[in-house]
Amino acid sequence: MQQQLLSEERQGEVFDKLKGPAEGQRNFYIESYGCQMNFSDSEIVASILMEANYAPTRNMEEADLILINTCSIREKAEDTVRKRLRIFDKVKNSKPGTLVGVLGCMAERLKTKFLEEEQLVDMVVGPDAYRDLPSLIANADEGDRGVNVFLSREETYADISPVRLDGNGVTAFISIMRGCDNMCSFCVVPFTRGRERSRDPFSIVAEARDLFQKGYREVTLLGQNVDSYKWQQPDGQLHVNFAELLAMVADVDPKLRVRFSTSHPKDITDDVLHNMARYKNICNYIHLPVQSGNSRVLKLMNRTYDREWYRNKIDRIYDIIPDCAISSDIIAGFCSESEEEHADTLEMIEYAQYSMSYMFAYSERPGTLAAKKYEDDVPEEVKKRRLREIIQLQNQISERHNLNDVGKVFEVLVEGDSKKSTHDYKGRNSQNKMIVFPKEAGVKPGDYVTVKVEQATSATLIGTMLQTVTV
Ligand code: 5AD
Ligand code: SF4
């Protein structure tokens, strides 16, 4: 999951926070890899640890506890984690007593094997077992290396207030559900994150309201497949679906922008699209992974829609929300994919006019349906060449998409300084495009401003500010 997203294998971010540790307090250091859900989970972990009297640190050398929240989605993601563990080993060797813990999807996938393979790992904790961290740490202090990879059907951490670690104070993620029931044949997620479960909508709205009161102006509702969000009151009286949840969060305040990720083409409904069109503060942006543009490949992937269905969804989105931006995830070289089938994917990119995509070469994951049923028979060089073609086409389309914005005026939520210059601000428009513009006096992060776009590259829009907006 985006994002914004939800880019997989995002380089590890180090969370630091607030204040240093008080006397006698122990420090933890946490790195996160993978999808936005992992980053969001790390904020829950931080909250659990701070309750247990740990203080976060940015500096791994001064940490008593080093945690790595891991991703298993592709082999490369796991390789990155193993490399980081070698570095943690060095710190641990130079400072005996330091504990190292592996969290997240790789912990879940490898379970006790981790302790066998990695002698210096002290605890292995799956995505549903974070409440157990304080007791696993206490055991590890006594020399007992521990594993908790229990997958729950209920855990949503609804009552835990995430500690917003490395944030900008303007945009935040809210996890609305966990797990995935879809069983796409290439995907390890259903095995590492367990069954799908939706979080109580009132706790979601309360979290959004709390963020708004603290000055945040944008929330992204996160789930593996947000469109299948469904919650019912234990007595069965009240049911809430995703379209309704969106409206509930959008009603918190017109000045609070609402985004969501990720959508599944089979589940996104017209009600969701109509609510997006109706509420100005629900952003006009949908991450709608296609994976492949060919119906036979989609069937092998177990995506449960075909090319026609997907094209109709795209048409429907542009009909109901004409200025909506759509982005995608695409896999090159899935099992038995032919050149013609690959060409169908290229054609779909043209058809959908994605503003951007996350693009990957297929990486077989142990235990998935595809690993069991199909041969990973597209040669590596062919996968790489097809991926290059996909990236090249997407870059052209992104550039065209951005050039098309030159001359237009957008409402932008100011997020902070641009990456390149402290003289410029950056912020996104409703379509999730980053716009950079020179700072103006009196404007601060969290403000809404209108910006006229003057230049575009395939990645960024550059403009000048016209005025501040009172929404
Ligand atoms: N190989 C390559 N890409 C994958 N993804 C998921 N599993 C695999 C895999 N085995 C991609 C999909 C998904 C995104 C999060 O990662 O495109 O949407
Ligand atoms: Fe994986 Fe498919 Fe679930 Fe996404 S929807 S997490 S690709 S199984």
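With positions in the sequence shown counted from 1, the corresponding number in this note's numbering is that position plus 310.
We put the CB at the ideal spot given by N, CA and C, even for glycine.
None of these values were measured; they are calculated from a predicted model.
Discussion item. Just checking I630 against the ligand 5AD - is the residue's beta carbon closer than 7 Å to any of the ligand's heavy atoms?
Written reply: If you check the C-beta of I630 against the ligand 5AD, you find no heavy atom less than 7 Å away.
*If you drop the 5 nearest sequence neighbours on each side, which residues of the same chain put their C-beta closer than 8 Å to that of L556?*
Closer than 8 Å at Cβ, skipping near neighbours: L531, V568, F570, V582, N585, M586, Y589, I592.
*Confirm the yes/no value for this check: CB of R488, any heavy atom of the ligand 5AD, distance under 7 Å.*
In this structure, R488 has its CB at a distance of at least 7 Å from all heavy atoms of the ligand 5AD.
Could you have a look at V434 and say whether DSSP puts it in helix, strand or coil?
strand
For H652, count neighbouring C-beta atoms within 10 Å of its own C-beta (all shown protein chains included) and say buried if the count is 16 or more, exposed if not. By the neighbour-count rule (16 or more Cβ atoms within 10 Å), H652 is buried.
* Keeping to the same chain, check which residues put their C-beta closer than 6 Å to that of K576; ignore five residues upstream and five downstream. => T614, Y615
**Asked** Cα separation between A686 and R675?
**Response** Reading off the sequence, residue 686 comes out as Asp, not Ala. The alpha-carbon atoms of D686 and R675 are separated by roughly 10 Å.
Check your understanding: Among E341, P366, Q542, K749, which one has its Cα closest to the Cα of V391?
Key -> E341
Q) Can you tell me whether N369 is buried or exposed, with buried defined as 16 or more other CB within 10 angstroms of its CB? A) exposed
Touch test, the region 443-451 against the region 471-487, Cβ-Cβ under 8 Å, three pairs minimum
no
Between the region 338-358 and the region 457-475, do three or more beta carbon pairs fall short of 8 Å?
Cβ pair count under 8 Å is three or more, so yes.
Fill in: M669 to G453 span [Cα, whole Å]
Spanning the two alpha carbons is a distance of roughly 43 Å.
Beta-carbon proximity list for Y339, same chain, < 6 Å, skipping 5 on both sides:
T367, M370, A373, I376
In the DSSP assignment, what residue or residues form a beta bridge with I484? L531
Quick check for students: name the residue ranges of the beta strand (DSSP E) that lie wholly in the region 451-520, counting only runs of 3 or more. 456-458, 481-485
Sorry if obvious, but does the Cβ on Q601 come closer than 7 Å to a heavy atom of the ligand 5AD?
yes
### Query
Going by the C-beta, is D442 closer than 7 Å to any heavy atom of the ligand 5AD?
The nearest non-hydrogen atom of the ligand 5AD is 7 Å or more from the C-beta of D442.
**Asked** Can at least three beta-carbon pairs, one atom from the region 712-732 and one from the region 757-777, be found at a separation below 8 Å?
**Response** Touching, yes, given that three or more Cβ pairs across the two stretches are closer than 8 Å.
Practice item. Round the Cβ separation of L413 and N379 to the nearest angstrom and send it over; I've been treating them as touching at under 8 Å. Key: 4 Å
Fill in: Element boundaries [alpha helix (DSSP H), containing L727]
Residue identity check: residue 727 is Asp in the sequence provided, not Leu. From DSSP, D727 is part of no alpha helix (DSSP H) but of the beta strand (DSSP E) over 719-727.
Note to self: Helix, strand or coil, according to DSSP, for Y735 in the structure here?
What the structure shows: strand
Hey, how far is the Cα of P544 from the Cα of D561?
24 Å
Looking only at DSSP bridge pairs, what is M744 linked to?
M744 is bridged by DSSP to R738.
_My assumption, with CB atoms under 8 Å, is that V499 sits in contact with M558. Please give the rounded CB distance._
That belief does not hold up - the Cβ atoms of V499 and M558 are roughly 26 Å apart, past 8 Å.
What is the DSSP secondary structure of H652, reduced to helix, strand or coil? helix
- Task: Would you list, in sequence order, the uninterrupted beta strand (DSSP E) runs of no fewer than 3 residues that lie entirely inside the region 522-575?
- Result: 528-532, 540-542, 549-551, 567-571
Measure how close the beta-carbons of F295 and V607 come, nearest whole angstrom, since I'm counting them as under 8 Å. A question about residue 295 goes unanswered here, because the residues of the chain that appear run from 311 up to 781.
Check whether the Cβ of F496 sits closer than 7 Å to any heavy atom of the ligand 5AD, and report yes or no. At least one heavy atom of the ligand 5AD is nearer than 7 Å to the Cβ of F496, so yes.
Item to complete: Can you grab the Cα-Cα spacing for the pair A439 / M433, in whole Å?
Response: 11 Å
Taking the straight line between their C-alpha atoms, what separation do you get for M493 and G504?
Their Cα atoms are separated by approximately 11 Å.
| message | For Q777 and Y595, what's the separation of their Cα atoms in angstroms? | response | 24 Å
What residue from Y664, R384, Q542, N742 has the CA that sits closest to Q706's CA? Taking only the C-alpha atoms, the option nearest Q706 is Y664.
message: Can you tell me whether F670 sits near the ligand 5AD, meaning its C-beta is under 7 Å from at least one heavy atom of the ligand?
response: yes
To the nearest angstrom, how far is the alpha carbon of H574 from that of F349? Approximately 21 Å between the Cα atoms of the pair.
request  = Whole angstroms is fine: what's the gap from I701's alpha carbon to L548's?
outcome  = 45 Å
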